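Peer 1: Quick one: the structure is below, and I'll ask about it shortly.
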Amino acid sequence: MTYEYYRQLIIEKLSGSFAASPSTASKEQVYKATCLVLRDILIAQKQRNNMEIEKKGLKRVYYLCMEFLVGRSLKNNLFNLGLTDDFDKALASIGIDLDELYDYEADPGLGNGGLGRLAACFMDSLATLGYPAMGFSIRYDYGLFRQKIVENMQVELPDLWLPSGEVWMLPRSDKNFKVLLGGYVETHMENGKLRFEQKGAEVVEAMPYDVMISGADGKGVSVLRLWKASAYRSFDMQKFSRGDYFTAMRADSEAELISKVLYPSDDHYEGKQLRLSQQYFLVSASLQSIIKDHIKWYGDLKLLPQKAAIHINDTHPALAIPELMRLLMDEHGFGWDDAWDITVNTIAYTNHTVLSEALEKWDIELVQSRLPRIYMIISEIDRRFTAQMNACGKGGILPSSAILWDRQVRMANLSVIGSHSINGVSELHSNIIKNNVFKDLYSVFPDRFTNVTNGIAHRRWLCQANPELAAFINELIGDGYKLDASELDKLEKFTSDKTALKRLGEIKLDNKKAFAQFIKKETGEEIDPYSRFDVQIKRLHEYKRQLMNVLKIISYYLELKDDPNKSFTPQTFIFGAKAAGGYAHAKRVIMLINCLAKETARDAAIRDKLRVLFVENYNVTLAERLIPASEVSEQISLAGKEASGTSNMKLMMNGAITLGTVDGANVEILERVGRENMFAFGLTASEAQRVWNEVDASALY
Ligand SMILES: *Cc1c(COP(=O)(O)O)cnc(C)c1O
Numbered sequence: 134m135t136y137e138y139y140r141q142l143i144i145e146k147l148s149g150s151f152a153a154s155p156s157t158a159s160k161e162q163v164y165k166a167t168c169l170v171l172r173d174i175l176i177a178q179k180q181r182n183n184m185e186i187e188k189k190g191l192k193r194v195y196y197l198c199m200e201f202l203v204g205r206s207l208k209n210n211l212f213n214l215g216l217t218d219d220f221d222k223a224l225a226s227i228g229i230d231l232d233e234l235y236d237y238e239a240d241p242g243l244g245n246g247g248l249g250r251l252a253a254c255f256m257d258s259l260a261t262l263g264y265p266a267m268g269f270s271i272r273y274d275y276g277l278f279r280q281k282i283v284e285n286m287q288v289e290l291p292d293l294w295l296p297s298g299e300v301w302m303l304p305r306s307d308k309n310f311k312v313l314l315g316g317y318v319e320t321h322m323e324n325g326k327l328r329f330e331q332k333g334a335e336v337v338e339a340m341p342y343d344v345m346i347s348g349a350d351g352k353g354v355s356v357l358r359l360w361k362a363s364a365y366r367s368f369d370m371q372k373f374s375r376g377d378y379f380t381a382m383r384a385d386s387e388a389e390l391i392s393k394v395l396y397p398s399d400d401h402y403e404g405k406q407l408r409l410s411q412q413y414f415l416v417s418a419s420l421q422s423i424i425k426d427h428i429k430w431y432g433d434l435k436l437l438p439q440k441a442a443i444h445i446n447d448t449h450p451a452l453a454i455p456e457l458m459r460l461l462m463d464e465h466g467f468g469w470d471d472a473w474d475i476t477v478n479t480i481a482y483t484n485h486t487v488l489s490e491a492l493e494k495w496d497i498e499l500v501q502s503r504l505p506r507i508y509m510i511i512s513e514i515d516r517r518f519t520a521q522m523n524a525c526g527k528g529g530i531l532p533s534s535a536i537l538w539d540r541q542v543r544m545a546n547l548s549v550i551g552s553h554s555i556n557g558v559s560e561l562h563s564n565i566i567k568n569n570v571f572k573d574l575y576s577v578f579p580d581r582f583t584n585v586t587n588g589i590a591h592r593r594w595l596c597q598a599n600p601e602l603a604a605f606i607n608e609l610i611g612d613g614y615k616l617d618a619s620e621l622d623k624l625e626k627f628t629s630d631k632t633a634l635k636r637l638g639e640i641k642l643d644n645k646k647a648f649a650q651f652i653k654k655e656t657g658e659e660i661d662p663y664s665r666f667d668v669q670i671k672r673l674h675e676y677k678r679q680l681m682n683v684l685k686i687i688s689y690y691l692e693l694k695d696d697p698n699k700s701f702t703p704q705t706f707i708f709g710a711k712a713a714g715g716y717a718h719a720k721r722v723i724m725l726i727n728c729l730a731k732e733t734a735r736d737a738a739i740r741d742k743l744r745v746l747f748v749e750n751y752n753v754t755l756a757e758r759l760i761p762a763s764e765v766s767e768q769i770s771l772a773g774k775e776a777s778g779t780s781n782m783k784l785m786m787n788g789a790i791t792l793g794t795v796d797g798a799n800v801e802i803l804e805r806v807g808r809e810n811m812f813a814f815g816l817t818a819s820e821a822q823r824v825w826n827e828v829d830a831s832a833l834y
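Take the position in the sequence shown, starting the count at 1, then add 133; the result is the number in this note's numbering.
Pasting the structure below:
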């Protein structure tokens with residue numbers, strides 16, 4: 134295909150969707166028309182793939198996650214489809230600069246941080262490797278808040294991603310489902326079988342919006358299905374015609390609340406009713422969709438474990454376990470034992486954290502009132518598991534393994550008991566969950582536990598984010614690494630090649646200059662591209678220890694104040710971090726960083742040597758700009774706390790040197806690159822644990 138072909142498609146879209154021509158269209162309309170052309174190409178490719186998948190009867194992967202932090206799509210899709218040059222020319226021929234169009238797309242913040250970004254990278258990877266995969270999440274009207282710094286403090290503003298993000302979505306009004314919340318359960322006998330029916334419930338309609346996610350070369354396509362909530366049968370016509378408009382409308386707005394906004398807490402659980410409703414809404418709609426498709430293709434639900442892998446990313450979608458049981462028993466006539474076999478053999482669970490404040494525990498009263506039938510099933514799972522433990526003579530159920538405990542439902546234990554495969558996200562973390570968090574359950578189900586160390590889509594984080602470096606790597610070792618990252622090993626030949634190293638240095642400097650220019654344009658601030666860029670970008674959290682980094686910088690500052698002529702490598706410390714709105718300590722650290730940033734900018738005696746920069750509204754797009762320009766990667770969490778980390782991988786792949794603790798995936802990075810290529814410091818996880826054990830707990834308070 135030539136660029137003229139795509140030019141024609143864009144012109145047709147402009148006309149068909151906006152009644153516009155290249156000369157009358159706004160840039161925003163050109164942006165949307167371009168996206169729609171790409172969306173059509175991906176949908177056509179997906180349809181071709183579907184025929185293949187159905188013919189071969191391939192097993193499908195379903196990835197359930199409350200968050201998908203996909204980042205912008207236009208550039209990514211063009212890159213993956215190999216169409217960047219053609220579209221560049223096609224748009225240039227109608228007087229539009231492609232690079233300018235990229236900025237019309239808001240970064241869809243449908244996630245908090247690493248967990249949501251992992252889900253997005255998996256979609257890319259599954260598409261590239263040709264697995265038939267569908268991700269499920271919620272079509273939040275508002276994603277993670279937009280952060281603004283006002284008088285050094287974080288202010289949260291609504292994230293308006295839909296106006297520019299909606300173009301990627303294909304509404305599937307033929308594939309909607311009903312989700313029931315509240316009410317009570319009525320039981321009765323029917324043909325000698327006990328039947329359960331949820332009565333008096335609020336009925337929420339789940340409407341799917343599909344986003345196509347391209348893999349490398351555009352051959353594979355994953356689908357991200359986002360559910361939007363609304364009241365079933367929009368409003369009560371009787372009430373409306375009686376003149377009771379407000380009651381009639383209220384049901385609508387209550388249901389719509391479910392897909393209104395993403396909870397902004399990362400690694401911290403929120404025991405709110407709305408959050409529970411969101412989780413159940415996601416799980417119920419997704420499972421109904423999976424089951425309906427499975428029956429259409431294979432007829433027999435006994436085949437579900439053979440044909441479908443349903444993955445729950447952290448415990449947020451753990452209600453998938455009782456919900457699948459409910460659908461199999463109440464809607465499809467299975468008895469408990471068969472339903473349980475199917476459920477356990479279909480569902481797999483990834484644990485993302487060992488922080489106790491992040492482990493989800495729902496109050497029994499809340500689950501019972503909001504999800505009465507689901508609660509019955511959870512207590513039966515708990516009862517049967519307890520009986521099984523008591524019967525096996527090992528001394529019965531241990532409190533640590535129970536699902537129902539202390540008037541709460543513990544989602545992590547439910548996830549382990551209801552899944553056939555359980556993984557942590559780095560070697561160290563997987564060992565910690567086996568030996569600490571799930572110690573007793575591990576002794577019951579040793580074969581279920583495994584490790585899957587996190588990874589990143591290097592096509593986005595290297596090829597696309599750092600085109601100059603990618604082009605140079607192509608020159609050195611060819612482009613096979615785009616599909617197989619292990620080919621990057623071939624670069625080892627050049628470790629002492631002076632010309633290659635010089636070129637790498639030049640590329641880094643170019644990227645630093647580009648970042649400095651971007652900052653100047655956005656904020657008016659000037660940073661020195663010849664200073665060393667030392668970067669810590671991640672959610673603000675005490676365990677990630679941004680404060681420790683700040684204290685180090687303050688000590689440098691004081692040294693320079695004492696002796697302004699001290700020999701000192703000029704450094705720019707760059708932070709990017711959002712804090713959950715209710716996390717007061719984290720917000721104070723943001724304030725401290727911003728005060729320090731002002732102070733270092735103001736003080737003429739030190740500003741050429743030491744600068745601090747806080748970049749507002751850290752998100753995927755900003756990460757893509759900053760990571761190629763970074764030289765030191767701060768990965769300094771308290772050992773044993775960071776499950777994996779992924780910015781450690783992004784930064785290292787772009788030539789930043791890691792300054793890190795022996796935590797999460799840093800451990801495996803250290804093993805691969807060797808001590809001479811990483812500054813590792815601090816206690817190991819087991820040393821840190823020993824210190825905790827030795828501390829007299831009472832002395833802490
Ligand atoms: C990769 C990424 C993260 C995860 O960073 P960690 O340092 O691993 O916690 C968070 N937010 C964004 C926007 C990312 O791209």
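Each residue gets a CB set at the ideal place from its N, CA and C atoms; glycine is no exception. Note that this is a predicted model, so its numbers are computed, not measured.
Since Phe310 and Tyr196 are thought to touch, with beta carbons under 8 Å apart, how far apart are those beta carbons, to the nearest angstrom?
Peer 2: So it is not a contact: roughly 18 Å between Cβ atoms.
Peer 1: For Gly268, which residues does DSSP report across the bridge?
Peer 2: Its beta-bridge partners are Tyr196, Leu357.
Peer 1: With respect to 7 Å, is the separation between the Cβ of Asn569 and the closest non-hydrogen atom of ligand 1 below this value?
Peer 2: Because no heavy atom of ligand 1 lies under 7 Å away, the Cβ of Asn569 does not count as near it: no.
Peer 1: Is Tyr751 near ligand 1, judged by its Cβ being under 7 Å from some heavy atom?
Peer 2: Yes.
Peer 1: Short of 6 Å in beta carbon distance, which residues of its chain neighbour Gln521, apart from the five on each side in sequence? Order them along the chain.
Peer 2: Cβ neighbours of Gln521 beyond the five flanking positions: none.
Peer 1: Kindly indicate which three-state DSSP category Val745 falls into: helix, strand or coil?
Peer 2: Strand, per DSSP.
Peer 1: Are Trp360 and Phe414 touching if we call contact CB-CB under 8 Å?
Peer 2: Taking 8 Å as the Cβ cut-off, Trp360 and Phe414 qualify as a contacting pair.
Peer 1: I want to check one thing, is the minimum distance from the CB of Leu202 to the heavy atoms of ligand 1 below 7 Å?
Peer 2: Checking the Cβ of Leu202 against ligand 1 gives yes.
Peer 1: Compute the distance between the beta-carbons of Asn843 and Ala545, then report whether it is under 8 Å.
Peer 2: Outside the displayed range of the chain (134 to 834) lies residue 843, so it cannot be described from this structure.
Peer 1: Please confirm if the stretch 200-212 is in contact with the stretch 239-250, defined as three or more CB-CB distances below 8 Å between the two stretches.
Peer 2: Flag = yes, the stretch 200-212 and the stretch 239-250 touch.
Peer 1: Tell me the start and end of each unbroken beta strand (DSSP E) in the stretch 586-646 that is at least 3 residues and wholly inside, in chain order.
Peer 2: The stretch 586-646 contains no whole beta strand (DSSP E) run of 3 or more residues.
Peer 1: What does DSSP give as the partner residues of Asp426 in its beta bridges?
Peer 2: Bridge partners of Asp426: none, in fact.
Peer 1: Count the other CB atoms, across all protein chains shown, that sit within 10 Å of the CB of Arg672; report buried if there are 16 or more and exposed otherwise.
Peer 2: Buried: at least 16 other Cβ atoms inside 10 Å.
Peer 1: If I follow the unbroken beta strand (DSSP E) through Arg665, where does it start and stop?
Peer 2: From DSSP, the beta strand (DSSP E) with Arg665 extends over 665-670.
Peer 1: Roughly how many whole angstroms lie between the Cα atoms of Met322 and Glu330?
Peer 2: The straight-line gap from Cα to Cα measures roughly 11 Å.
Peer 1: Please report how far the alpha carbon of His401 lies from the alpha carbon of Met184, in whole angstroms.
Peer 2: So the two alpha carbons sit approximately 42 Å from each other.
Peer 1: Report yes if the CB atom of Cys168 is closer than 8 Å to the CB atom of Val300, and no otherwise.
Peer 2: Cβ distance < 8 Å, so Cys168 and Val300 count as in contact.
Peer 1: Can you check whether the CB of Asp496 is closer than 8 Å to the CB of Ser533?
Peer 2: Against a cut-off of 8 Å, the Cβ pair of Asp496 and Ser533 comes out as no contact.
Peer 1: Exposed or buried, what is Ala823 when buried is set at 16 or more other beta-carbons lying within 10 Å of its beta-carbon?
Peer 2: Here residue 823 turns out to be Arg, not Ala, going by the sequence shown. Classification for Arg823: exposed.
Peer 1: Under the rule that 16 or more other beta-carbon atoms within 10 Å means buried, what is Lys165, buried or exposed?
Peer 2: Lys165 comes out buried.
Peer 1: How close, in whole Å, do the beta carbons of Ser417 and Glu387 come, if the pair is a contact with beta carbons under 8 Å?
Peer 2: Not really, about 17 Å apart at Cβ, beyond 8 Å.
Peer 1: Is it true that the stretch 697-705 meets the stretch 715-728, where meeting means three or more beta-carbon pairs spaced less than 8 Å apart?
Peer 2: The stretch 697-705, when compared against the stretch 715-728, does not touch it at the 8 Å Cβ threshold.
Peer 1: To the nearest angstrom, how far is the alpha carbon of Gly638 from that of Phe747?
Peer 2: Cα to Cα, the separation comes out at about 25 Å.
Peer 1: If you draw a straight line from the C-alpha of Gly468 to the C-alpha of Thr261, how long is it?
Peer 2: Taking the straight line from one Cα to the other gives about 39 Å.
Peer 1: If you compare alpha carbons, which of Glu389, Ala818, Leu642 is closest to Leu602?
Peer 2: Looking at the Cα atoms, Leu642 is the closest of the given residues.
Peer 1: From Asp292 to Phe278, what distance separates their C-alpha atoms?
Peer 2: Computed Cα separation, rounded: 5 Å.
Peer 1: Going by Cα to Cα distance, which pick from Lys208, Phe212, Asn245 is closest to Glu233?
Peer 2: When each option's Cα is compared against that of Glu233, the closest is Lys208.
Peer 1: Just verifying my parser: in three-state terms, what is the DSSP assignment at Met134?
Peer 2: Met134: coil per DSSP, three-state reduction.
Peer 1: The alpha helix (DSSP H) with Tyr235 in it runs from where to where?
Peer 2: Counting along the chain, the alpha helix (DSSP H) containing Tyr235 begins and ends at 231-235.
Peer 1: Can you give me the start and stop residues for the alpha helix (DSSP H) that Glu804 sits inside?
Peer 2: Note, Glu804: alpha helix (DSSP H), 799-806.
Peer 1: Measure the Cβ-Cβ separation of Leu595 and Asn787 and say whether it is below 8 Å.
Peer 2: Yes. Within cutoff.
Peer 1: Quick test of the definition: if touching needs 3 or more C-beta pairs under 8 Å, does the stretch 679-687 touch the stretch 718-735?
Peer 2: Output reads yes: the stretch 718-735 touches the stretch 679-687.
Peer 1: Count the other CB atoms within 10 Å of the CB of Pro579; is the residue buried (16 or more) or exposed (fewer)?
Peer 2: Result: exposed.
Peer 1: Between which two residues does the alpha helix (DSSP H) carrying Trp301 extend?
Peer 2: Careful: Trp301 lies outside any alpha helix (DSSP H) and carries neither H nor E.
Peer 1: Over the uninterrupted beta strand (DSSP E) stretch that includes Leu680, give me the two end residues.
Peer 2: First-last for Leu680: 679-695, but that is the alpha helix (DSSP H), not the beta strand (DSSP E).
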